[in-house]
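Novice: I have a structure I would like to understand better, so I am pasting it below and will then ask my questions one at a time.
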Amino acid sequence: SNEELSEGRIHFQNSIKRHALLNSVLKKSNNSARYGINQFSDLSPKQFKERYLTVQAEAAPKFDINRPGIHVKTS
Amino acid sequence: YPPRFDWRDSGVVGPVQNQKGCGGCWAFSVVGAIESVSAKEGGKLQQLSVQQVIDCSYNNQGCNGGSPDEALYWLTQTKLKLVNQAEYPYKAVAGICQYFPQSHDGVVVKNYSAHDFRTHEEEMMSILVEHGPLVVIVDAISWQDYLGGIIQHHCSSHNANHAVLITGYDTTGEVPYWIVRNSWGTSWGDSGYVYIKKGDNMCGIAENVAAVFV
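Which chain is which? The protein sequence lines are A and B, in order.
To convert, count from 1 in the first sequence and add 3; that's the numbering used here.
To convert, count from 1 in the second sequence and add 675; that's the numbering used here.
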């Protein structure tokens, strides 16, 4: 719809501003991460998070260098 | 262990997948690890069914999200045989679980480990080399705009929200980094891969690390 297109354009413009910020404050070196336009540029950060960042995180037990055996969840 | 190591060099890492509009990264990461470890243990590298895990792992929420730990727990408890992707293809939407007889060919997960390696990324390297690619959970908020290079800044470790697969590492350059396979297709990042600085728990990469045993 026109509304979705318009919204996508706004998100795209915002993403370009975001890329400029991310790239400008980086320590410049040949292997630093680069940020720019990709398939997610017309999504807002909220939409991106809702669609793609869906893991339910669980805390894992701390690795003990003295007991590096297998931890298996029991409940 | 070597200064540079990548399971892709051993031919045991499958191609980058694309989860499309389905929030099933948790299943892609787990199935990717199982494929690799199974191939490493002498089986052939085959693409296993992500859709089977999405549809059948009842303790997760299909395309609405899930936990790699829960999926691995479910796989070890049920001894479910993970079938080939061709037999249970990916649809990018959750559906009804399709059952296969125990006599059917498939890969069974015998065990898994999950640890927080926050201050032990060196040991993570040895686990990777010894056991195979590792399933990790990261904070991927800043990955929306990633094009390539080593992520060294702008990646918090406060809110793990995405599951991926570490296939290797490289400590030979100025910035040591993890080599990570994502599931957003080959047009994202560096042909579907992302590189994350090693040693600072960047993006929370060391906080929940799972190894699979088949």
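All C-beta atoms in this analysis are idealised placements derived from N, C-alpha and C, irrespective of residue type, glycine included.
If we cut at 8 Å on Cβ distances, does B:Q777 have a partner in chain A?
Specialist: By this cut-off, B:Q777 is not an interface position.
Novice: May I have a chain-ordered list of the beta strand (DSSP E) segments no shorter than 3 residues that lie completely inside the segment 850 to 883 of chain B?
Specialist: Listed in chain order, the complete beta strand (DSSP E) runs (minimum 3 residues) inside the segment 850 to 883 of chain B are 852 to 856 and 868 to 872.
Novice: Give the interface partners of B:V628 over in chain A, defined as CB-CB distance under 9 Å, in chain order.
Specialist: Since the first residue shown for chain B is 676 and the last is 889, residue 628 of chain B is missing from the structure and cannot be characterised.
Novice: Label A:S18 either buried or exposed according to how many other C-beta atoms from any shown protein chain fall within 10 Å of its C-beta, with 16 as the threshold for buried.
Specialist: Buried, by the Cβ-count rule.
Novice: At the 8 Å Cβ level, is B:A746 part of the contact set with chain A, yes or no?
Specialist: Chain A contact via Cβ: absent.
Novice: Using a Cβ-Cβ cut-off of less than 9 Å, list which residues of the segment 818 to 838 of chain B approach chain A; keep chain order.
Specialist: Hits within the stretch, in order: W818, Q819, D820, Y821, L822, G823, G824, I825, I826, Q827, H828, H829, C830, N834, A835, N836, H837 and A838.
Novice: Under 7 Å Cβ to Cβ from B:C772, same chain only, skipping five residues before and after it: list those, please.
Specialist: Contacts found: D730 and C731.
Novice: Mind checking who B:L757 pairs with in its DSSP beta bridge?
Specialist: Per DSSP, B:V782.
Novice: Which full runs of the alpha helix (DSSP H) of 4+ residues lie inside the segment 42 to 72 of chain A, going along the chain?
Specialist: With a minimum length of 4 residues, the continuous alpha helix (DSSP H) runs that stay inside the segment 42 to 72 of chain A are 48 to 55.
Novice: Can a CB atom of chain A be found closer than 8 Å to the CB of B:G741?
Specialist: B:G741 counts as touching chain A.
Novice: So that I know if they touch, is there some Cβ in chain A lying closer than 8 Å to that of B:C731?
Specialist: So no, B:C731 is outside the interface.
Novice: Looking only at DSSP bridge pairs, what is B:F888 linked to?
Specialist: BP columns for B:F888 point to B:N786.
Novice: Report the three-state DSSP secondary structure of B:G717 (helix, strand or coil).
Specialist: Residue state, collapsed to three classes: coil.
Novice: Could you tell me which residues DSSP puts in a beta bridge with B:F680?
Specialist: Paired residues: B:Y844.
Novice: A:N17 versus chain B: which residues are under 8 Å apart at the beta carbon?
Specialist: Here the premise fails: no neighbours, minimum Cβ distance about 11 Å.
Novice: Listing by chain order, which chain A residues have their CB less than 7 Å from the CB of B:G718?
Specialist: The premise fails here: B:G718 is roughly 21 Å from chain A at the closest Cβ pair, so nothing lies under 7 Å.
Novice: What did DSSP end up calling B:G696 once you bin it into helix, strand or coil?
Specialist: If DSSP states are grouped into helix, strand and coil, B:G696 belongs with coil.
Novice: Using the beta-carbon of each residue, which ones in chain B are nearer than 7 Å to A:R21?
Specialist: Per Cβ cutoff of 7 Å: D820.
Novice: Strictly below 7 Å CB to CB, what residues from chain A border B:C878?
Specialist: Correct list: empty, because the minimum Cβ distance to chain A is about 11 Å.
Novice: Are there 16 or more other CB atoms within 10 angstroms of the CB of B:R856, so buried, or fewer, so exposed?
Specialist: When all chains shown are included, B:R856 counts as buried.
Novice: Which partner residues does B:I826 have in the DSSP bridge list?
Specialist: B:I826 pairs with B:I871.
Novice: Could you give the residue range of the beta strand (DSSP E) that holds B:L809?
Specialist: Note, B:L809: beta strand (DSSP E), L809 to V813.
Novice: For B:D875, count the other beta carbons within 10 Å of its own beta carbon; 16 or more makes it buried, fewer makes it exposed. Which is it?
Specialist: When all chains shown are included, B:D875 counts as exposed.
Novice: Under the DSSP definition of a beta bridge, which residues are partnered with B:L723?
Specialist: Note: B:L723 sits in a beta bridge opposite B:N759.
Novice: Along the chain, where does the alpha helix (DSSP H) containing A:H22 start, and where does it finish?
Specialist: Segment N5 to S27, the alpha helix (DSSP H) holding A:H22.
Novice: In chain B, what lies closer than 9 Å to A:I13 by C-beta?
Specialist: By Cβ distance, chain B contributes nothing, its closest Cβ being about 15 Å from A:I13, past 9 Å.
Novice: Given 7 Å as the limit, tell me if A:H14 has its C-beta closer than that to any heavy atom belonging to the ligand SAM.
Specialist: Among the components of this structure there are no ligands whatsoever, and the ligand SAM is therefore not found.
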